[in-house]
Amino acid sequence: MSWIADGLLEQAEHLLDRDPGRPKQASLRRAVSAAYYSLFHLLGGDAGEHFLGGSYEFRRRLIRIFDHGEMKGACKAVAARRPLPVFGNVVFPPDLALVAETFIDLQEARHRADYDVTTTFTRHDTRRMVVRARDAFAAWRRVRSRHTSSSCCSSGSKSSRSVAPR
Amino acid sequence: MTLEQRVQLALEKARRQFPPEPKVVGMEHELIIDSTGDDAVKVLVKIDEATPEDRWMPEWLEPMAKAIRESLRGDDIDLWPYVHFLTLTEEKEAKAEVEEAERKERMRDAAQG
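Listed in order, the protein sequences are those of chains A and B.
Add 29 to a position in the first sequence, counting from 1, and you land on the number used in my numbering.
At position 78 of the second sequence the residue is numbered 62 (my numbering), and the sequence of numbers has no breaks.
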């Protein structure tokens, strides 16, 4: 569902620049939320398309099976360079760690933005989150591109293998 | 040594690894439980007011966030750091907006009796 992901990221960027002068808290909150969901849809959509396949009709329903907490747990393992049991002994490329770190930070920020009325958001910090989402998009697409252009997994030691979306 | 003290030390170590720019004028942290129930640490990095706009881009800020993550990991502290960068003025303005909105809500409550 790349079109949703790209659209949400554009929306986040638009909201950042919507208010001349000091941006409204509501705009910053929605920007954070849109940035998180853009990344969520990018990863969920690609996972559905590349790991599970099927028709568009099937895949567009698939996004509902992705659990935010489980995705965060997997991201923490990747960010900490810990092995994920489902993949065995793998070496995660730095780009994947960047995506994972961004996902974790955005998920928490999204939760505060949507539910915690006592917290406040600043323009610079919100812009950083949105730019990090944009950077994570680029990193994810590099990982995908490298993986699809290579017929074998080659990084790490002989006993390890790399992991990337197919 | 308590967890709080270990975190404090790890953050001090991280700060020594920060690049010279943008200038950091203070750091605060708070042990929290995040939205999925995990123990975590919220870190506020206070940036100098005179910092030029281009120094707020991730390529300037992320090395600091990375230093914090790696310092905690290096000291075997299993807390995810949620790092935020802001100036004191930004922090005050954002709080003032929320306080003003809350003041209006309370006045409305009072007017309704």
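Yeah, the Cβ is synthetic: ideal placement off N, Cα and C, and Gly gets one too.
Practice prompt. Pick helix, strand or coil for V146(A), following the three-state DSSP scheme.
Written response: Against the first sequence, residue 146(A) aligns to sequence position 117. It is coil, neither helix nor strand.
Worksheet item: Listed in chain order, which residues of the region 45 to 63 of chain B have Cβ atoms closer than 7 Å to some Cβ of chain A?
Response: Shown in chain order are the members of the region 45 to 63 of chain B whose Cβ falls below 7 Å from a Cβ of chain A: L45, R57.
Worksheet item: Do the CB positions of P42(B) and L56(B) come within less than 7 Å of each other?
Response: As a position in the second sequence, residue 42(B) is number 58, starting the count at 1. As a position in the second sequence, residue 56(B) is number 72, starting the count at 1. Contact flag unset, no.
Item to complete: Return no unless some Cβ of chain A is closer than 7 Å to the Cβ of L72(B).
Response: Your numbering for residue 72(B) matches position 88 in the second sequence. No, because no Cβ of chain A sits closer than 7 Å to the Cβ of L72(B).
Practice prompt. Report back the beta-carbon spacing between A41(A) and A126(A) to the nearest angstrom; my notes put them in contact at under 8 Å.
Written response: One-based indexing of the first sequence puts residue 41(A) at position 12. One-based indexing of the first sequence puts residue 126(A) at position 97. So it is not a contact: roughly 22 Å between Cβ atoms.
Worksheet item: Which bits of chain A does H68(B) rub up against, with CB to CB less than 7 Å?
Response: On the second sequence, residue 68(B) is found 84 positions in, with the first residue counted as 1. The contacting residues are D154.
Worksheet entry | Contact list for V82(B) against chain A, beta-carbon separation under 7 Å | Reading the second sequence from its first residue, position 98 is the one you call residue 82(B). Around V82(B), the beta-carbon contacts reaching into chain A at under 7 Å are Q54, T149.
Worksheet item: To which residues of the same chain is R175(A) closer than 6 Å at the C-beta, ignoring the five residues directly before and after it?
Response: For the purposes of this step, residue 175(A) is identified with residue 146 of the first sequence, where counting begins at 1. Excluding five sequence positions before and after R175(A), none of the CB atoms of its chain fall closer than 6 Å to its own CB.
Worksheet entry | Inter-stretch contact (C-beta, 8 Å, three-pair minimum) for the region 31 to 41 of chain B and the region 7 to 19 of chain B | These segments touch.
Worksheet item: Name the chain B residues whose beta carbon is nearer than 7 Å to that of D164(A)?
Response: Sequence index remark: in the first sequence, residue 164(A) carries index 135 (1-based). Those are P42, listed as they occur along chain B.
Practice prompt. Kindly indicate which three-state DSSP category D23(B) falls into: helix, strand or coil?
Written response: Working through the second sequence from its first residue, we reach residue 23(B) at position 39. D23(B): strand per DSSP, three-state reduction.
Worksheet item: Would Q1(B) be called buried (16 or more neighbouring beta carbons within 10 Å of its own) or exposed?
Response: Stepping through the second sequence from its first residue, residue 1(B) is reached at position 17. It is exposed - the Cβ of Q1(B) has fewer than 16 other Cβ atoms within 10 Å.
Worksheet item: By Cβ distance below 8 Å, which residues in the same chain neighbour M91(B) in space, the five residues on each side in sequence not counted?
Response: If you number the second sequence from 1, residue 91(B) lands on position 107. Cβ within range, chain order: n/a, list empty.
Worksheet item: Among R173(A), F166(A), T149(A), which one has its Cα closest to the Cα of S56(A)?
Response: Here the question's residue 56(A) lines up with position 27 in the first sequence. Taking only the C-alpha atoms, the option nearest S56(A) is T149(A).
Item to complete: Identify, in the order they occur along the chain, each residue of the same chain with its Cβ nearer than 6 Å to the Cβ of A168(A), setting aside the five sequence neighbours on each side.
Response: Residue 168(A) sits at position 139 when you count from the first residue of the first sequence. These residues qualify, in order along the chain: D124, L127, V128.
Item to complete: Identify, in the order they occur along the chain, each residue of the same chain with its Cβ nearer than 8 Å to the Cβ of R(-10)(B), setting aside the five sequence neighbours on each side.
Response: As a working note, residue -10(B) is residue 6 in the second sequence. The answer, listed in chain order, is D59, I61.
Discussion item. Can you tell me whether I52(B) is buried or exposed? The criterion is at least 16 other CB atoms within 10 Å of its CB, across all chains shown.
Written reply: The count along the second sequence starts at 1 and reaches residue 52(B) at position 68. Flag for I52(B) reads buried.
Practice prompt. Under 8 Å between beta-carbons, which chain A residues line up against A78(B)? List them in chain order, please.
Written response: Here residue 78(B) corresponds to residue number 94 of the second sequence, with the count starting at 1. Taking the beta carbon of A78(B) as reference, the chain A residues within 8 Å of it are Q54, T149, F150, T151, listed in sequence order.
Fill in: Proximal chain A residues relative to T20(B), where beta-carbon distance stays under 7 Å
As a first step, residue 20(B) is located in the second sequence; it is residue number 36 there, counting from the start. Within chain A, the residues placing a beta-carbon under 7 Å from that of T20(B) are G98, K101, ordered along the chain.
Worksheet item: Just curious, the beta strand (DSSP E) that V8(B) is in, first and last residue?
Response: Sequence index remark: in the second sequence, residue 8(B) carries index 24 (1-based). Counted as a single uninterrupted DSSP element, the beta strand (DSSP E) harbouring V8(B) occupies residues 8 to 17.
Practice prompt. Measure from the alpha carbon of F132(A) to the alpha carbon of each residue in N118(A), G73(A), R51(A), V115(A), then state which is nearest.
Written response: Position 103 of the first sequence, counting from 1, holds the residue named residue 132(A). Considering only alpha carbons, the answer is G73(A).
Item to complete: Look at H70(A) and A34(A) and say whether their C-beta atoms are less than 7 Å apart.
Response: The sequence position of residue 70(A) within the first sequence is 41, counting from 1. The sequence position of residue 34(A) within the first sequence is 5, counting from 1. Result yes, Cβ atoms of H70(A) and A34(A) sit closer than 7 Å.
Worksheet item: Can you name the residues of chain A whose CB is closer than 9 Å to the CB of E75(B)?
Response: For the purposes of this step, residue 75(B) is taken as residue 91 along the second sequence, with counting starting at 1. In chain order: T149, T151.
Worksheet entry | CB contact check: R58(A) to chain B, cutoff 7 Å | Position 29 of the first sequence, counted from the first residue, corresponds to residue 58(A). Closer than 7 Å: no.
Worksheet item: What's the gap between the Cα of K88(B) and the Cα of E81(B)?
Response: For the purposes of this step, residue 88(B) is taken as the residue at position 104 of the second sequence. For the purposes of this step, residue 81(B) is taken as the residue at position 97 of the second sequence. Computed Cα separation, rounded: 11 Å.
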